[in-house]
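Notes follow the structure.
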Amino acid sequence: MKLFIINSSIGRKLIMSLSGLFLFLFLTLHCFLNMFLLGGPSAYTAVNDIMELPVVTIMVPILAAGFVIHILYALWLYWQNYRARGEVGYASGKKSETTSWAARNMVILGLIVLLFIVLHLTQFWAKMQLQSFLGGANQVHADQSYDLVANQFRNPIVSILYIIWYWVLWFHLTHGFWSAFQTIGIDNKKWQPRLQIIGIIYATILAVCFTSINLYFLFGFGA
Amino acid sequence: MEKTIHITLKIWRQKGPQAKGAFETYQLNDISTDSSFLEMLDILNEKLISEKKETIVFDHDCREGICGMCSLYINGHPHGPDEDVTTCQLHMRKFKDGETIIVEPWRSRGFPVIKDLMVDRSAFDKIIQAGGFVSVTTGGVPDANAIPISKEKADEAMDAASCIGCGACVAACKNGSAMLFVAAKVSQLALLPQGKIEASRRAKAMVTKMDELGFGNCTNTGACESECPKNVSISHIARLNREFLKAKLKD
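Keeping their order, the protein sequence lines are chains A and B.
Quick note: the first sequence uses my numbering, first residue 57, plus one each step.
Quick note: the second sequence uses my numbering, first residue 9, plus one each step.
And the structure:
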């Protein structure tokens with residue numbers, strides 16, 4: 057029984073679903089804290105003090121594990137599904153209607169999101185938390201973090217790339233949200249359209265909030 | 009007035025399971041739009057016989073949409089462009105004059121090609137044999153009110169039981185997953201008192217067999233539901249997930 061999360065298709069999908077929902081929670085928290093950027097340097101510094109608490113340090117490896125599990129399981133499932141399709145493809149294409157465009161392209165959307173995560177981590181995490189793990193000599197501390205973000209986001213190329221990223225993520229989340237509930241089995245005819253709409257609203261709120269931060273700095277607001 | 013059309017067919021020909029297949033092009037003139045798709049293929053086969061060529065192999069049986077024997081992936085859709093019908097009930101009026109129609113077998117690792125357009129769907133039988141039954145004799149038809157069943161449950165079970173096991177769900181799925189089929193078969197029994205008792209064992213056994221036979225993992229794209237000739241809903245997949253996970257957590 058214990059190996060069903062490895063041995064069975066539904067077990068593997070359960071892991072995808074739970075890790076996905078965990079990342080949803082992370083993203084919500086991340087978005088909420090970032091909104092303090094709009095409150096100016098003092099508000100953001102106060103929030104960033106929270107980020108240097110030990111509980112956050114403990115959460116870092118758990119969060120990283122969430123990402124790694126989600127990505128590894130995705131690649132594994134994709135490989136199995138690729139093989140299950142058979143060797144010959146359809147010459148007349150696949151014209152079946154699906155629940156969404158995103159549903160058919162989750163892997164490619166996920167890979168684009170992953171590429172941006174690498175960029176994002178080198179720009180911020182590598183200069184902040186990573187440095188504190190390494191001893192803190194070159195660490196950008198809470199009181200300088202506002203300037204770090206402002207400087208990066210005032211660069212139009214960086215900001216536009218970030219905005220594209222948010223909306224690629226939006227597609228990924230719109231399918232991911234209801235799909236996670238479908239996989240756990242908390243879904244039926246009545247709740248499927250509701251969960252799909254809640255997912256779209258949820259993803260839109262996240263993407264709009266993140267985008268607004270970039271636009272705020274791009275148009276020269278902020279200290 | 010009978011209307012007729014001229015069509016070009018590109019049909020997958022493959023001599024055997026191991027042979028390499030290829031498309032062959034056929035021209036058919038004056039096909040009545042009132043004829044069914046399979047009647048059109050019969051006409052083509054008659055023509056091939058008269059030309060002393062080998063006929064095209066395709067599955068069919070009842071030709072009234074209930075046996076689940078016909079298949080065919082036509083112009084990008086399992087069972088063709090029409091909604092909610094099997095290939096045998098697809099008519100030539102759905103095609104335009106001069107149209108090129110591409111006809112392919114179901115493509116999935118779980119359904120290897122036997123010959124031409126015929127695939128081996130015995131994997132579905134193996135999944136049913138693994139647990140898609142009630143293991144005690146439940147006797148004759150009981151009195152209507154002997155075992156009360158709510159209208160909603162009876163309707164849901166009936167909708168699930170409308171699955172004819174044709175395999176269009178697997179053919180449409182980008183992951184070659186058989187989840188809609190298995191979900192329908194698990195649901196139709198799990199919803200009713202006679203089948204409920206064995207629901208856990210059944211869900212585990214059928215999913216294990218499905219995985220073992222090389223079907224893919226469902227990613228909830230819903231392509232299966234949109235191509236199902238019987239309109240089986242993916243809400244049954246949620247029920248299967250629920251039954252399976254409940255059973256595994258109980259162990």
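Glycine included, C-beta positions come from ideal geometry on N, C-alpha and C.
Any idea if residue i is buried or exposed, counting beta-carbon neighbours within 10 angstroms, 16 or more meaning buried?
i, result
"A:Thr178", "exposed"
"B:Gly175", "buried"
"B:Arg250", "buried"
"B:Leu253", "buried"
"A:Ala120", "exposed"
"B:His14", "exposed"
"A:Asn63", "exposed"
"B:Asp105", "exposed"
"B:Trp114", "buried"
"B:Val144", "exposed"
"A:Asp105", "exposed"
"B:Val215", "buried"
"A:Trp226", "buried"
Going by the C-beta, is residue i closer than 8 Å to any heavy atom of the ligand FAD?
i, result
"A:Glu153", "The ligand FAD is absent from the structure shown, which contains no ligand whatsoever."
Flag this pair as yes or no: are the beta carbons of residue i and residue j separated by less than 9 Å?
i, j, result
"B:Ile135", "B:Met218", "yes"
"A:Leu133", "A:Lys69", "yes"
"B:Glu233", "B:Leu199", "no"
"B:Ala179", "B:Ser116", "yes"
"B:Ile82", "A:Ser235", "no"
"A:Phe286", "A:Leu79", "Residue 286 of chain A lies beyond the residue range present for chain A, which begins at 57 and ends at 279; the question has no answer from this structure."
"B:Phe66", "B:Leu46", "yes"
"B:Ser170", "A:Lys245", "no"
"A:Phe233", "A:Gly255", "yes"
"B:Thr229", "A:Thr239", "no"
"B:Ala191", "B:Arg101", "no"
"B:Pro237", "B:His87", "yes"
So that I know if they touch, is there some Cβ in chain A lying closer than 9 Å to that of residue i?
i, result
"B:Pro86", "yes"
"B:Cys226", "yes"
"B:Arg247", "yes"
"B:Val215", "yes"
"B:Thr229", "yes"
"B:Ser243", "yes"
"B:Leu98", "no"
"B:Leu158", "Reading the sequence as shown, one finds Ser at residue 158 of chain B and not Leu. Output row for B:Ser158: interface = no."
"B:Asn239", "no"
"B:Leu253", "yes"
State yes or no: is the beta carbon of residue i nearer than 9 Å to at least one beta carbon in chain B?
i, result
"A:Gly166", "no"
"A:Leu70", "yes"
"A:Phe60", "yes"
"A:Val169", "no"
"A:Tyr272", "no"
"A:Gly255", "no"
"A:Gly276", "no"
"A:Trp223", "no"
"A:Ala259", "no"
Could you tell me whether the Cβ of residue i comes closer than 9 Å to any Cβ of chain E?
i, result
"B:Ser208", "Absent from the structure is chain E; the protein chains it does hold are A and B."
How close, in whole Å, do the beta carbons of residue i and residue j come, if the pair is a contact with beta carbons under 8 Å?
i, j, result
"A:Ala140", "A:Met72", "Actually they are not in contact, since the Cβ atoms of A:Ala140 and A:Met72 sit about 16 Å apart, beyond 8 Å."
"B:His99", "B:Asp42", "7 Å"
"B:Cys226", "B:Ile205", "Contact doesn't hold; Cβ gap of about 26 Å is too wide."
"B:Ile57", "B:Ile39", "That belief does not hold up - the Cβ atoms of B:Ile57 and B:Ile39 are roughly 17 Å apart, past 8 Å."
"B:Lys260", "B:Ala168", "The question about residue 260 of chain B has no answer here: the residues shown for chain B are numbered 9 through 259."
"A:Ser152", "B:Glu235", "5 Å"
"A:Phe209", "A:Phe273", "4 Å"
Open item on the list: Tell me whether the segment 123-130 of chain B and the segment 21-35 of chain B touch, counting them as touching only if at least three CB pairs, one residue from each stretch, are closer than 8 Å.
Closed with: yes
Task: Given 8 Å, three or more beta-carbon pairs between the segment 198-205 of chain A and the segment 249-268 of chain A - done: no
TODO: Kindly confirm or deny that the segment 146-164 of chain B and the segment 180-187 of chain B touch, where touching means at least three C-beta pairs closer than 8 Å.
DONE: no
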